[in-house]
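Student: What follows is a single structure, and I will ask about it in a moment.
There are 2 protein chains.
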Amino acid sequence: MPEIFKNHLEKFIDIDEREFSAILAFFQIRKVKKKENLLVEGQICKSHYFMLNGCLRKFFINEKGIEQTTEFAIENWWLTDNFAYERGLSTEFYIQAVENSEILVIDREAQEELLIEFPKMERYFRFIYQRAYAAAQIRLKYLYDFSKEEFYDHLCKGHPEFVQRIPQYLIASFLGFTPEYLSEIRNKKRS
Amino acid sequence: MPEIFKNHLEKFIDIDEREFSAILAFFQIRKVKKKENLLVEGQICKSHYFMLNGCLRKFFINEKGIEQTTEFAIENWWLTDNFAYERGLSTEFYIQAVENSEILVIDREAQEELLIEFPKMERYFRFIYQRAYAAAQIRLKYLYDFSKEEFYDHLCKGHPEFVQRIPQYLIASFLGFTPEYLSEIRNKKRS
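Quick note, the sequences are listed as chains D and U, same order.
Heads up, the first sequence stops at 199 in my numbering, and the numbers go up one at a time, no gaps.
Heads up, the second sequence stops at 199 in my numbering, and the numbers go up one at a time, no gaps.
Below, the structure written as structure tokens:
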């Protein structure tokens, strides 16, 4: 299963078996059950998660008490509350398993040691953050530019496998819809 | 003036005078006049900008023909359309000087060579993108969580120097207000 991580590393850096074993030693492998929380609002955000399989989501609870999903992570994605993780702060977010998942977990101190011991991992994480930042900029543009309906349309066209896979009430939570309103839009699209 | 860049590098990596001169050789220094465009919608996004002084903004023109500002950059900030820059694509954005500014400019090929010749710059850019990504995640949460009025309040409290410095019609463009609506809110706050 950690081979998924090795393949991902190899997209960005050259790495041999011996190095990979040494790098993997900085991580724990963890299985999480659907609906299990990895992080809860108010906790210190200590860990960074790499997805081997399954799906996680990140959400916060808004003033109205509603879960607002801000991110999903599937195979080969990293997930954490990056601001709190980097600074060892408590988080305003929850991270929860959407499906039974297998993940690699690294703590901040271990990640820092990893980067010192294997400077090529600086290059790997530079690419990871660079792409995540570029993707977040695009999300920001969509939030300004698209109505919620347009954003849903865009999601269906651009990532149909994603819309199929994620339960509808979580798609609604991501889009800032009520589940009922999402049903309405889906029915309109079908007719 | 490039000393500002050296000071910024030194926050993240150790660097001596000789190395700094060699790193600086990958950049051009450029002066831009207020309202001058560095990037225009449809152009290939070739360059990454580091701010020595002044202020730039990034915006796109929405369906209604209105300029929607998505980012500002002041001293010590990097700015580009990261998605288009990394892939050598044409951009949907404009980058324009808000004030007369002095900037360092690096092109994608030069940045790649720089990273190969000075691997410690991988560490520097890893930090830059990591922090930019964390900041973008916070922006995303605000866009979901705050009304426009709350976002303006938050901006005034958290970054008063910024709200003072940027012309009001651009603050309005960043918040997605009309300038008239921003005036109204400001008058309400004063009374």
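Where is the CB? At the ideal position from N, CA and C, for every residue including glycine.
Note that this is a predicted model, so its numbers are computed, not measured.
Answer with buried or exposed for residue 162(D), where buried requires no fewer than 16 other C-beta atoms within 10 angstroms of its C-beta.
Tutor: Residue 162(D) comes out exposed.
Student: Can you list the residues of chain U that residue 78(D) reaches, using a CB-CB cut of under 7 Å?
Tutor: Result: 148, 149 and 152.
Student: To test your reading of the DSSP string, which unbroken beta strand (DSSP E) runs of 3 or more residues are found completely within the region 76-150 of chain D?
Tutor: 102-105 and 109-115, all fully within the region 76-150 of chain D.
Student: Between 169(D), 171(D), 50(D) and 115(D), which lies nearest to residue 68(D) when the distance is taken from Cα to Cα?
Tutor: Nearest of 169(D), 171(D), 50(D) and 115(D) to residue 68(D), Cα basis: 50(D).
Student: Got a sec: does the ligand HEM put a non-hydrogen atom nearer than 7 Å to the Cβ of residue 112(D)?
Tutor: No copy of the ligand HEM occurs in the structure displayed, which carries no ligand at all.
Student: State yes or no: is the C-beta of residue 156(U) within less than 8 Å of the C-beta of residue 185(U)?
Tutor: Against a cut-off of 8 Å, the Cβ pair of residue 185(U) and residue 156(U) comes out as a contact.
Student: Relative to the C-alpha of residue 116(U), which residue among 96(U), 77(U) and 173(U) is closest?
Tutor: Nearest of 96(U), 77(U) and 173(U) to residue 116(U), Cα basis: 96(U).
Student: Would residue 132(U) pass as a contact of residue 21(U) if the rule is Cβ separation under 8 Å?
Tutor: In this structure, residue 21(U) lies closer than 8 Å to residue 132(U) by Cβ.
Student: Would a check of beta-carbon distances place residue 140(D) closer than 8 Å to chain U?
Tutor: At least one chain U Cβ lies under 8 Å of residue 140(D).
Student: For residue 91(U), which residues in chain D fall below 7 Å Cβ to Cβ?
Tutor: Near residue 91(U) (Cβ distances below 7 Å), the residues of chain D are 142, 145 and 146.
Student: Name, going along the chain, the residues of the region 121-141 of chain U whose beta-carbon falls closer than 7 Å to a beta-carbon of chain D.
Tutor: Answer in chain order: 127, 130, 131, 133, 134, 137, 138, 140 and 141.
Student: I'd like the list of long-range same chain contacts for residue 58(U), defined as Cβ closer than 7 Å, with 5 residues on each side in sequence excluded.
Tutor: So the list reads 13, 86, 111 and 112, once near-sequence residues are dropped.
Student: Could you pull out every residue in the same chain whose Cβ sits closer than 6 Å to the Cβ of residue 130(D), ignoring the five residues on either side in sequence?
Tutor: Same-chain partners within the cutoff: 123.
Student: Compare the C-beta of residue 73(U) with all C-beta atoms of chain D and state if any pair is closer than 8 Å.
Tutor: Output row for residue 73(U): interface = no.
Student: Between which two residues does the alpha helix (DSSP H) containing residue 193(U) stretch?
Tutor: Residues 187-198.
Student: Just checking my contact of residue 103(U) with residue 47(U) at CB under 8 Å: how many whole Å lie between their CB atoms?
Tutor: About 4 Å separates the two Cβ atoms, so the contact holds.
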